[in-house]
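Asker: Before I ask anything, let me first share the structure, which is written out below as structure tokens.
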Amino acid sequence: MASIKLEDLEKTYPNGQVAVREINLSIADGEFVVLVGPSGCGKSTTLRIVAGLETPSRGRILLGDEDVTATPPQDRDIAMVFQTYALYPHKTVRDNLAFGLRMRGVARDEIDRRVEQAARTLGLQQLLDRKPLQLSGGQRQRVALGRAIVRDPKAFLLDEPLSNLDAKLRVQTRAELARIHKQLGATMLYVTHDQEEAMTLGDRVAVLDAGRLQQVAAPAEVYRRPTNLFVAGFIGSPTMNLFSGVRDATDATSRFVSPSCTVTGGAGEFPAGAGPTILGVRPPDIELCDPADADLAARVDVVELLGSAVLVHLRAAGTEDQVIRVVAPEDSRVREDETVGLRFNRGRLHFFDAGDGHRLD
Amino acid sequence: MRGDKRFVGAESREARLAWAFVLPALGTILLIALFPLAWTVWESLHVHDLRMPWRGQPFVWLANYAEVLTDGRFWGAMLHTAIFTVGSVTLELVLGLVLALALNRAYRGRGLVRAAVLVPWAIPTVVAALLWRFMFDAQAGIANAVLMDIGIMDRPFVWFIHSAGAWVPIILADVWKMTPFVALLLLAGLQNIDTSLYEAARIDGAGPWRQFLHVTLPLLKPAILVALIFRTLDAFRVFDLVFVLTGGGPGTSTEPIALYTFNALLQNLRFGYGSALGVVVFVVTFALAMLYIRALGVELTQAPE
Amino acid sequence: MRRLTGWGPVLVVGLLVVATAFPFYWAIVSSLTPEARLFEAPSLFPSQLVFDHYRALFDQRDFWIPIRNSLIVAGNTTAFCVLVGSLCAYALARLQFRWKRPILAFILAVTMFPQISIVSPLYLLLRELRLINTYPGLVLPYLTFAMPLTVWLLVSFFRQLPAELEEAAMADGASRLRAFWEIILPLSLPGLATTAILTLVYCWNEFLFALSFTLGPERQTVPVAIALFRGQYQVPWGQILAAAVVATAPIALLVLLFQRKIVQGLTAGAVKG
Numbered sequence: 002m003a004s005i006k007l008e009d010l011e012k013t014y015p016n017g018q019v020a021v022r023e024i025n026l027s028i029a030d031g032e033f034v035v036l037v038g039p040s041g042c043g044k045s046t047t048l049r050i051v052a053g054l055e056t057p058s059r060g061r062i063l064l065g066d067e068d069v070t071a072t073p074p075q076d077r078d079i080a081m082v083f084q085t086y087a088l089y090p091h092k093t094v095r096d097n098l099a100f101g102l103r104m105r106g107v108a109r110d111e112i113d114r115r116v117e118q119a120a121r122t123l124g125l126q127q128l129l130d131r132k133p134l135q136l137s138g139g140q141r142q143r144v145a146l147g148r149a150i151v152r153d154p155k156a157f158l159l160d161e162p163l164s165n166l167d168a169k170l171r172v173q174t175r176a177e178l179a180r181i182h183k184q185l186g187a188t189m190l191y192v193t194h195d196q197e198e199a200m201t202l203g204d205r206v207a208v209l210d211a212g213r214l215q216q217v218a219a220p221a222e223v224y225r226r227p228t229n230l231f232v233a234g235f236i237g238s239p240t241m242n243l244f245s246g247v248r249d250a251t252d253a254t255s256r257f258v259s260p261s262c263t264v265t266g267g268a269g270e271f272p273a274g275a276g277p278t279i280l281g282v283r284p285p286d287i288e289l290c291d292p293a294d295a296d297l298a299a300r301v302d303v304v305e306l307l308g309s310a311v312l313v314h315l316r317a318a319g320t321e322d323q324v325i326r327v328v329a330p331e332d333s334r335v336r337e338d339e340t341v342g343l344r345f346n347r348g349r350l351h352f353f354d355a356g357d358g359h360r361l362d
Numbered sequence: 015m016r017g018d019k020r021f022v023g024a025e026s027r028e029a030r031l032a033w034a035f036v037l038p039a040l041g042t043i044l045l046i047a048l049f050p051l052a053w054t055v056w057e058s059l060h061v062h063d064l065r066m067p068w069r070g071q072p073f074v075w076l077a078n079y080a081e082v083l084t085d086g087r088f089w090g091a092m093l094h095t096a097i098f099t100v101g102s103v104t105l106e107l108v109l110g111l112v113l114a115l116a117l118n119r120a121y122r123g124r125g126l127v128r129a130a131v132l133v134p135w136a137i138p139t140v141v142a143a144l145l146w147r148f149m150f151d152a153q154a155g156i157a158n159a160v161l162m163d164i165g166i167m168d169r170p171f172v173w174f175i176h177s178a179g180a181w182v183p184i185i186l187a188d189v190w191k192m193t194p195f196v197a198l199l200l201l202a203g204l205q206n207i208d209t210s211l212y213e214a215a216r217i218d219g220a221g222p223w224r225q226f227l228h229v230t231l232p233l234l235k236p237a238i239l240v241a242l243i244f245r246t247l248d249a250f251r252v253f254d255l256v257f258v259l260t261g262g263g264p265g266t267s268t269e270p271i272a273l274y275t276f277n278a279l280l281q282n283l284r285f286g287y288g289s290a291l292g293v294v295v296f297v298v299t300f301a302l303a304m305l306y307i308r309a310l311g312v313e314l315t316q317a318p319e
Numbered sequence: 555m556r557r558l559t560g561w562g563p564v565l566v567v568g569l570l571v572v573a574t575a576f577p578f579y580w581a582i583v584s585s586l587t588p589e590a591r592l593f594e595a596p597s598l599f600p601s602q603l604v605f606d607h608y609r610a611l612f613d614q615r616d617f618w619i620p621i622r623n624s625l626i627v628a629g630n631t632t633a634f635c636v637l638v639g640s641l642c643a644y645a646l647a648r649l650q651f652r653w654k655r656p657i658l659a660f661i662l663a664v665t666m667f668p669q670i671s672i673v674s675p676l677y678l679l680l681r682e683l684r685l686i687n688t689y690p691g692l693v694l695p696y697l698t699f700a701m702p703l704t705v706w707l708l709v710s711f712f713r714q715l716p717a718e719l720e721e722a723a724m725a726d727g728a729s730r731l732r733a734f735w736e737i738i739l740p741l742s743l744p745g746l747a748t749t750a751i752l753t754l755v756y757c758w759n760e761f762l763f764a765l766s767f768t769l770g771p772e773r774q775t776v777p778v779a780i781a782l783f784r785g786q787y788q789v790p791w792g793q794i795l796a797a798a799v800v801a802t803a804p805i806a807l808l809v810l811l812f813q814r815k816i817v818q819g820l821t822a823g824a825v826k827g
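Residue numbers (the working numbering), protein chains in the order written: chain S, 2 to 362; chain F, 15 to 319; chain Z, 555 to 827.
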């Protein structure tokens with residue numbers, strides 16, 4: 002296993018379209034980093050550049066201490082798991098697993114031993130003589146993983162490997178991936194558009210938007226202290242509520258005023274200074290309360306039962322076009338069309354500059 | 015910029031491999047198709063008569079082309095080619111569309127029918143021509159027998175000595191052979207149309223005729239244009255069919271331009287003049303192709319991505 | 555897919571099948587009818603079947619010679635085109651390099667080339683090389699239409715294979731060449747076979763070049779031999795039709811066996827979705 006280091010990576014297509022720019026990212030030996038972002042943000046391009054399937058327009062890629070920027074993919078000693086699995090349809094599972102070892106000139110009995118071992122790790126022993134077409138989606142997915150594991154490469158690159166599985170299988174395989182990562186101590190770079198996958202799998206999460214890295218941090222950090230409005234809106238489900246307004250402060254209090262709410266705090270409790278601000282509050286950080294103690298009052302639109310909690314959609318007077326989402330305990334007694342008070346958890350407020358969207362502290 | 019050279023290296027590795035793969039085939043095509051074409055143009059600027067080798071090959075500028083323009087047989091051949099092209103392509107497109115629509119329905123034995131219609135397309139044109147020549151033979155032909163049986167004629171008609179009558183078997187043979195090909199192209203186009211569009215149109219209250227006008231035809235336009243291109247260019251080059259069916263006769267009244275060019279070259283051995291005719295055929299074909307490709311956009315060479 | 559409703563389409567399809575099949579039926583029946591009866595009033599159902607014409611075809615006319623010639627010429631042309639053309643098509647379908655699009659457009663343009671326009675230089679060239687009336691003297695001209703056709707068909711086949719397969723092979727440590735050999739080639743065998751069949755059919759049917767560049771029966775291909783059949787007093791229809799049946803049977807068989815693949819190949823190259 003080896004570390005991966007991306008320096009100043011940039012990719013411009015011949016038609017002038019910029020896919021990624023100024024990507025700087027270090028992945029430690031054995032670390033699991035998830036690249037997450039909406040479709041078209043450049044995450045797959047970044048992964049393909051690391052794999053060597055695309056050439057960067059500038060910048061360097063280091064694998065361990067070795068600069069592999071100009072190395073063709075077959076000489077990089079990385080393994081890749083594709084979204085479509087890309088299993089060789091004319092080869093049996095055994096030959097699919099052995100192919101990478103054969104290409105690298107591993108001795109025949111060593112190949113057999115490692116294929117058996119990988120098959121055991123993934124529970125594929127019974128399937129070794131089948132062809133990919135005879136396998137279920139989940140089995141194909143495991144063969145794709147197996148093809149990477151068997152190689153014992155310097156790093157694993159995974160491109161949305163779970164997106165073709167149904168919801169239940171996805172959760173199972175997610176746990177299995179985490180187990181494999183721990184067991185192998187492998188360096189993994191994982192691409193997904195699913196923020197939940199990113200949060201549960203990654204040692205660190207790298208959020209990408211419009212070809213640029215927005216934030217690279219541990220999942221909890223990305224959730225608790227999103228560095229800008231994009232990350233705040235992208236990470237976390239249900240999505241964070243955003244209120245645009247103005248922030249000011251006196252010697253004794255800090256205050257945020259928007260058309261629907263006024264939030265006050267003690268001196269220095271909110272970021273210093275004044276000006277146009279966007280206040281973000283996550284749905285679980287809002288509690289239903291008596292209108293007398295509330296930061297704002299809103300009318301209940303829809304109540305959705307999530308199971309262990311309810312998701313309440315509300316609209317505040319004056320800003321009817323904005324839906325406020327609140328996650329409340331499952332036994333909350335709220336009825337549709339009722340007007341309730343909402344109170345924000347003071348320790349969990351996020352302030353962003355309304356101009357550039359950066360986090361204010 | 016730092017490291018730029020290496021990237022050029024990585025990309026040029028792929029480009030080098032690509033050229034190594036492309037060159038043998040491309041070289042072959044250049045050598046045996048493009049180079050001869052240039053030679054044809056060069057040849058067309060000379061008098062080169064293989065029956066009179068002592069005259070050498072004097073360079074005569076555009077004299078051959080001047081002769082082409084005043085050559086009645088050339089204009090006749092162009093006219094015959096045009097008649098054949100318009101007649102056969104029109105029939106093939108109309109019949110092909112009807113056929114494609116019928117074939118697009120689901121029924122038992124569809125694969126068999128599709129295979130059956132493919133056979134005439136696949137057999138040698140020479141064979142097709144002979145079958146039709148036999149059927150239109152004055153004595154042995156079944157065409158005359160049938161026409162007399164149902165009372166249209168009272169004595170055998172000699173199709174091939176009649177300058178208008180000779181066109182009938184020619185065009186029928188081409189329609190018989192090529193309509194299935196047109197139908198298959200259009201069928202592929204029909205199968206690309208999302209069936210939910212028809213369901214949507216039905217819910218919107220469109221009857222079968224309206225569905226055809228507003229869904230089928232507009233979406234089938236690319237396929238129709240492609241079929242039109244292939245067939246027109248093919249029909250313009252017609253040679254085998256006429257050579258076998260009528261030999262261009264009676265006289266030269268069914269002689270198409272390709273046959274006239276062939277005769278000028280290999281019957282009369284006038285290579286300079288025949289080459290000039292060949293260049294004219296090429297230019298007209300090229301112009302037709304350009305016209306069509308302009309109409310179609312560049313879709314033909316675009317990658318299906 | 556809409557179900558078949560009403561009798562209209564059934565009628566159209568029925569008519570089509572009859573119209574398509576009748577000339578073949580008529581040729582087969584006539585080829586089995588004694589020469590003398592051919593010129594009597596034709597009847598749809600034969601009263602007497604004889605194999606005289608087929609016997610004469612092979613005994614007197616040595617029809618196996620044109621068959622051998624056609625097989626040699628078509629086989630060699632096809633083998634060369636598929637071998638060289640598949641590499642070219644792969645590069646055009648998958649590799650990145652400048653001039654890719656112009657080359658593709660050029661190859662498409664050459665498929666529309668009028669053959670008659672290059673008969674004169676090819677004749678002079680082959681005469682200079684003493685290749686008139688030889689096998690290479692036919693294979694070389696045949697490449698002008700067979701090579702672009704092969705490349706064009708194969709490009710569309712290669713494009714249908716998912717690019718991830720090669721990428722996976724390269725990530726697994728295979729070079730481009732190795733990936734082509736181990737992954738792409740085995741997977742495109744059906745496409746290669748279809749292309750080979752189509753190229754073979756085109757070569758088998760070719761007439762103009764074969765007529766122009768052969769001199770006598772010893773190198774004539776099947777279409778030329780049939781077209782130039784002459785009788786002593788009248789057209790030998792019985793033998794001509796027998797020859798037509800012999801020339802058509804293998805093609806018809808190939809087409810019936812591979813019709814699905816052939817239709818896919820033909821339409822994939824021409825119409826895209």
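Glycine included, each C-beta is placed from N, C-alpha and C at the ideal position.
1. Would you check if the segment 248–258 of chain S and the segment 329–341 of chain S touch, i.e. whether three or more CB-CB distances between them fall below 8 Å?
2. Could you give the distance in angstroms between the alpha-carbon of F:Gly70 and the alpha-carbon of F:His62?
3. Should the segment 134–150 of chain F be regarded as contacting the segment 750–760 of chain Z, the criterion being three or more beta carbon pairs within less than 8 Å?
4. Alpha carbon to alpha carbon, how far is S:Leu1 from S:Glu32?
5. Alpha carbon to alpha carbon, how far is Z:Tyr579 from Z:Gly629?
6. Any residues in the segment 599–627 of chain Z with a beta carbon nearer than 7 Å to a beta carbon of chain S? Which ones, in chain order?
7. Can you pull the chain F neighbours of Z:Arg730, defined as C-beta to C-beta under 8 Å?
8. Does the segment 112–127 of chain F come close enough to the segment 777–796 of chain Z that 3 or more CB-CB pairs lie under 8 Å?
9. Answer with yes or no whether the minimum CB distance from Z:Met666 to chain S is below 8 Å.
10. Within the segment 176–233 of chain S, note down every full beta strand (DSSP E) run reaching 3 residues or more, in order along the chain.
11. Would you mind working out which of Z:Ala797, Z:Phe767, Z:Thr688 sits nearest Z:Ala781, comparing C-alpha positions?
12. Thinking just about the alpha-carbon of each residue, which of Z:Val776, Z:Ala633, Z:Gly568 is nearest to the one in Z:Ala747?
13. So which residues of chain Z does S:Gln75 contact, with C-beta pairs closer than 7 Å?
14. From which residue to which residue does the beta strand (DSSP E) around S:Lys12 run?
15. For S:Val301 and F:Pro232, what's the separation of their Cα atoms in angstroms?
16. Which whole-angstrom value is the C-beta distance of S:His351 and S:Pro154, which I expect to be below 8 Å?
17. What are the residues that DSSP puts in a beta bridge with S:Arg300?
18. Nearest-angstrom Cα distance between F:Leu161 and F:Ala152?
19. With S:Glu288 as the anchor, note down where its alpha helix (DSSP H) starts and where it stops.
20. Hey, is Z:Ser674's beta-carbon within less than 8 Å of any beta-carbon in chain F?
21. With distances taken between CB atoms, is the gap from F:Ile184 to F:Phe98 smaller than 8 Å?
22. From what residue to what residue does the alpha helix (DSSP H) around F:Met162 run?
23. Taking CB distances under 8 Å as the criterion, tell me whether Z:Ile737 reaches chain S.
24. Using alpha carbons as the reference points, say which of S:Arg77, S:Val303, S:Ser58 lies closest to S:Ser4.
25. Quick one: what does DSSP say F:His60 is sitting in, helix, strand or coil?
26. Applying the criterion that 16 or more other CB atoms from any shown protein chain within 10 Å of the CB defines a buried residue, is Z:Arg652 buried or exposed?
27. In chain Z, which residues lie with their C-beta within 7 Å of the C-beta of F:Glu269?
28. Where does the unbroken alpha helix (DSSP H) through Z:Ser624 begin, and where does it stop?
29. Give the straight-line distance between the Cα atoms of S:Arg225 and S:Glu197, rounded to the nearest whole angstrom.
30. Within 10 angstroms of the Cβ of S:Gly17, are there 16 or more other Cβ atoms? Answer buried if so, exposed if not.
31. Return the first residue and the last residue of the beta strand (DSSP E) that S:Val19 is part of.
32. Under a Cβ-count criterion, where at least 16 other Cβ atoms within 10 Å of its own Cβ denotes burial, should Z:Gln813 be classed as buried or exposed?
33. DSSP on S:Asp322, reduced to helix/strand/coil?
Answerer: From the atom records:
1. no
2. 7 Å
3. yes
4. It is not possible to answer for residue 1 of chain S, since the shown part of chain S is limited to 2 through 362.
5. 29 Å
6. none
7. Glu28, Leu31
8. no
9. no
10. 189–193, 205–210, 213–218
11. Z:Ala797
12. Z:Ala633
13. Met724, Gly727, Ala728, Ser729
14. 5–13
15. 49 Å
16. 39 Å between Cβ atoms; not a contact.
17. S:Arg316, S:Thr340
18. 12 Å
19. Here S:Glu288 belongs to no alpha helix (DSSP H); instead the beta strand (DSSP E) covers 287–290.
20. yes
21. yes
22. 156–163
23. yes
24. S:Arg77
25. strand
26. exposed
27. Within chain Z, no residue comes near F:Glu269; the closest Cβ sits about 13 Å away, beyond 7 Å.
28. 618–648
29. 15 Å
30. exposed
31. 19–28
32. buried
33. strand
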